[in-house]
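Remarks on the structure that follows.
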Amino acid sequence: MNQKKKIENYQQIAMGTGLRYDETNDLFHGERDGFDFIVYAPDARYPYMMVLHTAAKSADGSTFDKQAVKGFQKSSKKIASFGQKNLDIRVSLKAQSNAEKCKDTLNEALAATTTFLRTNSYSPCCDLCGQNVETGAFRMGGEYYHLCPDCEMKMRSDIAMNAQQTAQKKENIVGGIVGALLGSLLGMLSVLILSQLGYVAALSGVIMAVCVLKGYEMLGGKLTKKAVVISAVIMILMTYFADRVDWAIILFNQGGGAEAGYSLFECYRLIPAALSAEIIDMGSYIGNLVLQYLFVALGAIPTVIGKMKQKKEEGIIARLN
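For the sequence shown, the working numbering begins at 203 and goes up steadily by one.
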């Protein structure tokens, strides 16, 4: 579905549900039975699979028990799951095939959610302070909030202070490299495990990217463009190393290495000789390495882009239009 058609369909959904469509943030928000809702599709590939987000507080400060949650989920075939974290309420809906069905699903789910909350003596509130006051809808760092004016001011102040502290923090490149290398070991392990199970999957690229970037950030102090370049180089090198270790394991277990008395380390060193002697087929070796790089790239590139986007949005709090 192209973006223009999607916007048109979303505008129709907004008209049919009474919600406002925020084209800038690509989501809906509005009020139902006194509760403020933010409605969005968490995965752009499934534009008609929505999540309802609101803030609500029980009269006695308690949270929903498992039995109540199960009952709510069974109350409508359109509801996939219900989540509660502190004052944060999220209802995930099952994916629909078109805008009309999505509109009907939203109306049904909004009504069911507000009824469920009211029946259990929940009332709308601010996401942070819990007061039953007028709130505004906000987005910050990929998260959504319903904030009263005081909490909005406090959050903006905290964000400004954190941004200042981050800007003053110096990047420790040596520490970052050490952290990225340590993180890459977990990524390499995922490549090996999946390969030994007979899979070459983009999941290994996601794990590699997350571990390397997190490792760099933890010991390097901050994640910059320089950090991403260094991390990318480490991912490339460690993927190559992981592939070689994978072939060493094959040589040790299936190529006669163990029977000949060689250790796994010696099998690793013998890979060039095994290629020359055609014990390992050169075409298979190169093909497998290319495939590893391809799938690591498929997993790592979106992860890196998402991580940098998240970092960029961390210091921005936007009021939804």
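We put the CB at the ideal spot given by N, CA and C, even for glycine.
| Check | Outcome |
| --- | --- |
| Distance between M390 and S433 (C-alpha atoms, nearest Å) | 14 Å |
| According to DSSP, residues forming a beta bridge with S260 | Y324 |
| Rounded separation between N523 and D235 - CA only | 20 Å |
| Counted within 10 angstroms of its Cβ, other Cβ atoms place D352 as buried (16 or more) or exposed | exposed |
| 9 Å Cβ cutoff met for L308 and L221 | yes |
| Rounded straight-line distance, which links the Cα of M342 to that of S359 | 13 Å |
| C-alpha distance - S465 paired with L496, whole-angstrom precision | 30 Å |
| Identity of the residues DSSP links to M342 by a beta bridge | E345, I519 |
| Assumed close pair G344, A411 - CB separation to whole angstroms, cut-off 8 Å | At roughly 17 Å, the Cβ-Cβ gap does not stay under 8 Å, so G344 and A411 are not in contact. |
| Candidates I436, A258, I482, of which the one nearest D329 by Cα | A258 |
| Rounded Cβ spacing between N322 and A282 (contact assumed at less than 8 Å) | With a Cβ gap of about 20 Å, N322 and A282 do not count as contacting. |
| G407 - partner residues in DSSP beta bridges | DSSP lists no partner for G407. |
| Pairwise C-alpha distance: V408 and I503 | 8 Å |
| G458 and L421 closer than 9 Å at C-beta | no |
| Close Cβ partners of Y442 (< 6 Å) along its chain, the five nearest in sequence each way excluded | none |
| Member of F266, N490, Q286 whose CA lies at the smallest distance from the CA of G400 | N490 |
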